[in-house]
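What follows is a single structure, written as structure tokens, with notes after it.
Residue numbers (our numbering): 50 to 196.
Following this line, the structure appears as structure tokens:
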């Protein structure tokens, strides 16, 4: 995707990525983690949030409001493309930590759908059923797979 994004570091395990959000609230360390749901599984959960430097834990409930939402989301999307390039057989599950965040992710997907569909299959979960992502349908979660 051709959106402005932050440079990120890829951890040696190639399943976590770190970057720094820069804005009026200062520099905020962010992390994106791809975690297998079960050992040996090819379904990975995309976890994203502020990195708590005291305990190295990911905080996906904090609202940073650093004025760079689109740049942050573009960076998360870039890590998703990097991850699916490294692990093309992986299914990646994404759901916001709140309904509002899930809606935000859906809006970002909708705005970039044409570009996303060049590289990924994308499905949405609604009422317990997965189906191909359709603009205008409110989903509870998303799943992507590399083409």
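We treat Cβ as the ideally placed atom computed from N, Cα and C, and that holds for glycine.
By the neighbour-count criterion, in which a residue is buried when 16 or more other Cβ atoms sit within 10 angstroms of its Cβ, residue 103 is exposed. Secondary structure at residue 71: strand, using DSSP grouped into helix, strand and coil. Between residue 130 and residue 82, the gap from beta carbon to beta carbon reaches 8 Å or more. When DSSP assignments are scanned along the stretch 91–155, the uninterrupted stretches of alpha helix (DSSP H) that are 4 or more residues long and fall wholly within it turn out to be 118–135. Counting every other CB atom within 10 Å of its CB across the protein chains shown gives residue 173 a total of 16 or more, marking it as buried.
The shortest CA-to-CA distance from residue 89 to any of 147, 58, 139 is the one to 139. Each of 189, 134, 145 was checked against the Cα of residue 177, and the nearest Cα belongs to 189.
In the structure shown, residue 168 falls within a helical segment according to DSSP collapsed to helix, strand and coil.
By the neighbour-count criterion, in which a residue is buried when 16 or more other Cβ atoms sit within 10 angstroms of its Cβ, residue 193 is buried. Note on residue 148: under 16 other CB atoms within 10 angstroms of its CB, so exposed under the neighbour-count rule. Within its own chain, the residues whose Cβ lies closer than 8 Å to the Cβ of residue 142, once the five positions on either side in sequence are excluded, are 86, 92, 93, 94, 95, 190, 191, 192, listed in chain order.
If you check the CB distance, residue 186 and residue 196 do not come in under 8 Å.
The beta carbon of residue 179 sits closer than 8 Å to the beta carbons of 172, 173, 192 from its chain, once the five residues preceding and following it are set aside; these are given in chain order.
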